[in-house]
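Protein chains: 2
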Amino acid sequence: MSTGGAEDTGSDVGRQAWLRTVAADVARLDRSSSAERAADILRRSITEGALPPGAQLSEVELTEVLEVSRNTLREAFRLLTHEGLLVYKLHRGVFVPELDEHDVIDLYRLRRVLEVDVVRGLADRDPELPAGRLDPLHDDVEAAEAAASADRWPAVGTANMRFHQHLIGLADSARMDAMTGRLLAELRLLFHVIATPRELHEPYIARNRGLFELLEARKYEQAAADLHQYLLDSEQGILAAFRDKGLRAPRTT
Amino acid sequence: MSTGGAEDTGSDVGRQAWLRTVAADVARLDRSSSAERAADILRRSITEGALPPGAQLSEVELTEVLEVSRNTLREAFRLLTHEGLLVYKLHRGVFVPELDEHDVIDLYRLRRVLEVDVVRGLADRDPELPAGRLDPLHDDVEAAEAAASADRWPAVGTANMRFHQHLIGLADSARMDAMTGRLLAELRLLFHVIATPRELHEPYIARNRGLFELLEARKYEQAAADLHQYLLDSEQGILAAFRDKGLRAPRTT
DNA sequence: TCTTGCAGGATTGTTCAACAATCCCTACGC
DNA sequence: GCGTAGGGATTGTTGAACAATCCTGCAAGA
Numbered sequence: 041m042s043t044g045g046a047e048d049t050g051s052d053v054g055r056q057a058w059l060r061t062v063a064a065d066v067a068r069l070d071r072s073s074s075a076e077r078a079a080d081i082l083r084r085s086i087t088e089g090a091l092p093p094g095a096q097l098s099e100v101e102l103t104e105v106l107e108v109s110r111n112t113l114r115e116a117f118r119l120l121t122h123e124g125l126l127v128y129k130l131h132r133g134v135f136v137p138e139l140d141e142h143d144v145i146d147l148y149r150l151r152r153v154l155e156v157d158v159v160r161g162l163a164d165r166d167p168e169l170p171a172g173r174l175d176p177l178h179d180d181v182e183a184a185e186a187a188a189s190a191d192r193w194p195a196v197g198t199a200n201m202r203f204h205q206h207l208i209g210l211a212d213s214a215r216m217d218a219m220t221g222r223l224l225a226e227l228r229l230l231f232h233v234i235a236t237p238r239e240l241h242e243p244y245i246a247r248n249r250g251l252f253e254l255l256e257a258r259k260y261e262q263a264a265a266d267l268h269q270y271l272l273d274s275e276q277g278i279l280a281a282f283r284d285k286g287l288r289a290p291r292t293t
Numbered sequence: 041m042s043t044g045g046a047e048d049t050g051s052d053v054g055r056q057a058w059l060r061t062v063a064a065d066v067a068r069l070d071r072s073s074s075a076e077r078a079a080d081i082l083r084r085s086i087t088e089g090a091l092p093p094g095a096q097l098s099e100v101e102l103t104e105v106l107e108v109s110r111n112t113l114r115e116a117f118r119l120l121t122h123e124g125l126l127v128y129k130l131h132r133g134v135f136v137p138e139l140d141e142h143d144v145i146d147l148y149r150l151r152r153v154l155e156v157d158v159v160r161g162l163a164d165r166d167p168e169l170p171a172g173r174l175d176p177l178h179d180d181v182e183a184a185e186a187a188a189s190a191d192r193w194p195a196v197g198t199a200n201m202r203f204h205q206h207l208i209g210l211a212d213s214a215r216m217d218a219m220t221g222r223l224l225a226e227l228r229l230l231f232h233v234i235a236t237p238r239e240l241h242e243p244y245i246a247r248n249r250g251l252f253e254l255l256e257a258r259k260y261e262q263a264a265a266d267l268h269q270y271l272l273d274s275e276q277g278i279l280a281a282f283r284d285k286g287l288r289a290p291r292t293t
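Next up, the structure:
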């Protein structure tokens, strides 16, 4: 729908490959400028942990820092609200949400459903998958391994995220991509509560590689089964770390 | 301060049941008034077909009709954009999206994944399901049957939608509810392209009842299988009607 | 001592008017 | 006929202003 050209004359443009890349570049430049740019900055601040869960975002403060008007800033807030990175409280302001164990379970349930289905569905359309389709996954695996060698564990987490985002991307579903983006953004919110990212991310570097190799070998059914268990284990890891944190700092004030 | 008072800053109140219901009521009253009220009106206009796909929503026009400021109207636009009921085109305005067959396939793929998983997952937590949990589904089934008797086919479609929304609700997942709301809203967008709603909705009245009875009998596995085929058939029906329409009116202007 | 009520200040919700940037359409010149 | 410039309309963004609401602290009363 978004790619529908202005001139409707060529109704069925059999969108070629290069057209898609050009369209992507244009879309990147289009960037609703002020509001989206402000949202980008805030998004990074939140996902990188500069803004901790529970923090309030003052409007007047941020208008000065971001150099945008209050109205534009509010539109940026709306954008991030619908990504799950902020929550509105009427007449009180916007806050970075504080997720609890129930949210972890909810998020992982959806991840399992979506990701496992994508992998399992690859079997049906195996022939039509163009070569090099798995390249982004391979890059992510190597990026994670490199970051781990350099002891940069947050970077490992990021590469891990991108691996899963690219995994979902194999389904060619715009809506799945959007949903996954939202889910992973919320998940990143959880990571900052965890003190030891190494124990959290380390086991999954090798598992990501294993998953990638199974996909490359077209063993989709086994890949789906592995991924299912993978996500169950990851969920348990986060829940454990989360409960430790909860016990350690019940009174933050 | 620091008087060991009774207040304790109430950090971890083990939220009791009645507290939750009160909180729900409060949330309902909160309604960000102007922007959300405007969005409600627009949402109805779109889902009921007053605003056809492809139509542009002029800002100045709507500020007069809805009696809100341009900024507030834009916030309403944002709300509906993230529900999938409107699309922004930079510097051109907001439009009612025109979905194509590719979108139908995408939407139904997600519906199948989510709904079937919910039904299948009910087996695991069957004991903890409180009595009367299926009542909303039952109401929707009867509402559809009543509307069909009165030849009110759009109402049948609405009841059908609510049936599936309530079905997803059985999973107790806030994020699944939100996703489903968005998916069904987009689906409603498609219905207005279809000339004969009767043929589209009629077969599923009985199937909804059958599904409900399977759930009531706790035959979750069979219900999941039925639902899967159900959604495949529904997808084919929409695709067929959609192609007819596409052939009949390629040049709308 | 504890609760209740009430100002005060601060923050958000909403409106308005204005200007800049961009798009669409038309007319002009070659 | 075609590319290009201009005009008009629409959107993007800003800043200030006012109303509504929330939070804090203090004082009055039980």
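Protein sequences appear in the order of chains A and B.
Residues are numbered in this note's numbering as their position in the first sequence, beginning at 1, plus a constant of 40.
Residues are numbered in this note's numbering as their position in the second sequence, beginning at 1, plus a constant of 40.
Quick reminder that beta carbons are idealized off the backbone N, C-alpha and C, glycines included.
Spatially closest choice to residue i from the options, by CA coordinates
i: VAL136(B); options: GLY89(B), ALA190(B), ARG215(B); result: GLY89(B)
i: VAL159(B); options: VAL100(B), GLY209(B), THR198(B), THR236(B); result: GLY209(B)
i: THR236(A); options: GLU155(A), ARG152(A), ALA280(A), ASN111(A); result: ALA280(A)
i: LEU150(B); options: ALA264(A), ASP266(A), ASP217(A), ASP80(A); result: ASP217(A)
i: THR220(B); options: LEU154(B), VAL134(B), LEU126(B); result: LEU154(B)
i: ILE86(A); options: LEU126(A), GLU107(A), ASP179(A), ASN200(A); result: LEU126(A)
i: ASP266(B); options: ARG152(B), SER98(B), LEU106(B); result: ARG152(B)
i: LEU240(A); options: LYS259(A), PHE117(A), GLU226(A), GLN276(A); result: GLN276(A)
i: ASP273(A); options: GLU242(A), PRO92(A), ARG84(A), ALA183(A); result: GLU242(A)
i: TYR260(A); options: MET201(A), PHE203(A), ALA214(A), ASP164(A); result: ASP164(A)
i: ALA225(A); options: ASN200(A), ALA211(A), ASP212(A), ALA214(A); result: ASN200(A)
i: ARG202(A); options: ALA214(A), ALA183(A), HIS142(A); result: ALA183(A)
i: LEU106(B); options: HIS131(B), LEU130(B), ASP80(B), SER213(B); result: ASP80(B)
Integer Cβ distance of residue i from residue j, believed to fall under 8 angstroms
i: VAL196(A); j: ILE234(A); result: No, VAL196(A) and ILE234(A) are not in contact; Cβ-Cβ is about 13 angstroms, not under 8 angstroms.
i: LEU177(B); j: LEU207(B); result: 6 angstroms
i: LEU139(B); j: LEU82(B); result: Between LEU82(B) and LEU139(B) the Cβ distance is about 18 angstroms, and since that is not below 8 angstroms, they are no contact.
i: LEU271(A); j: TYR148(A); result: 6 angstroms
i: VAL134(B); j: PHE117(B); result: 5 angstroms
i: ARG258(B); j: ASP191(B); result: Not really, about 35 angstroms apart at Cβ, beyond 8 angstroms.
Residues bridged to residue i (per DSSP)
i: LYS129(A); result: GLY133(A)
i: ASN276(B); result: Looking at the sequence provided, one finds Gln at residue 276(B) rather than Asn. GLN276(B) pairs with nothing; no bridge assigned.
i: GLN96(A); result: PHE135(A)
Interface flag, residue i vs chain B, CB-CB below 8 angstroms
i: ARG173(A); result: no
i: ARG118(A); result: yes
i: VAL153(A); result: yes
i: LEU254(A); result: no
i: GLU115(A); result: yes
i: LEU379(A); result: With chain A covering 41 to 293 only, the question about residue 379(A) has no answer from this structure.
i: LEU102(A); result: no
i: ARG132(A); result: no
i: LEU82(A); result: no
i: LEU150(A); result: yes
i: ASN200(A); result: no
i: VAL66(A); result: Residue confidence is low: VAL66(A) scores 49 on pLDDT, short of 50, so the model does not pin down where it sits. No coordinate-derived value is stated.
Proximal residues to residue i (C-beta, below 6 angstroms), its chain only, five neighbours per side dropped
i: LYS285(A); result: VAL233
i: GLY238(A); result: Per the sequence shown, the amino acid found at residue 238(A) is Arg instead of Gly. These residues qualify, in order along the chain: TRP193.
i: VAL181(A); result: ASN248, ARG249, PHE252
i: ARG222(B); result: GLU123, GLY124
i: ALA188(A); result: VAL196, ILE245
i: ALA211(B); result: VAL158
is_contact[residue i, chain A] using C-beta, thresh 8 angstroms
i: VAL159(B); result: no
i: VAL108(B); result: no
i: VAL62(B); result: Only weak support is given to the placement of VAL62(B): the predicted model assigns it a pLDDT of 49, under 50, and the value that follows is read from those uncertain coordinates. No, VAL62(B) lies away from the interface with chain A (no Cβ there is under 8 angstroms from its Cβ).
i: SER213(B); result: yes
i: ASP217(B); result: no
i: HIS122(B); result: yes
i: ASP146(B); result: yes
i: GLU141(B); result: no
i: ASN248(B); result: no
8 angstroms Cβ shell around residue i - same chain, five flanking residues per side excluded
i: LEU255(B); result: VAL159, LEU162, LEU174, LEU177, ALA263
i: THR112(B); result: SER74, ALA75, ALA78
i: ARG110(A); result: GLU99, VAL100, THR103
i: VAL144(B); result: LEU230, GLU275, ILE278, LEU279, PHE282
i: PRO92(B); result: VAL136, HIS232
Sequence-distant residues of the same chain with beta carbon closer than 7 angstroms to residue i, five excluded per side
i: VAL156(A); result: ALA264, LEU267, HIS268
i: GLU185(A); result: ILE245
i: GLY94(A); result: PHE135, VAL136, GLU138
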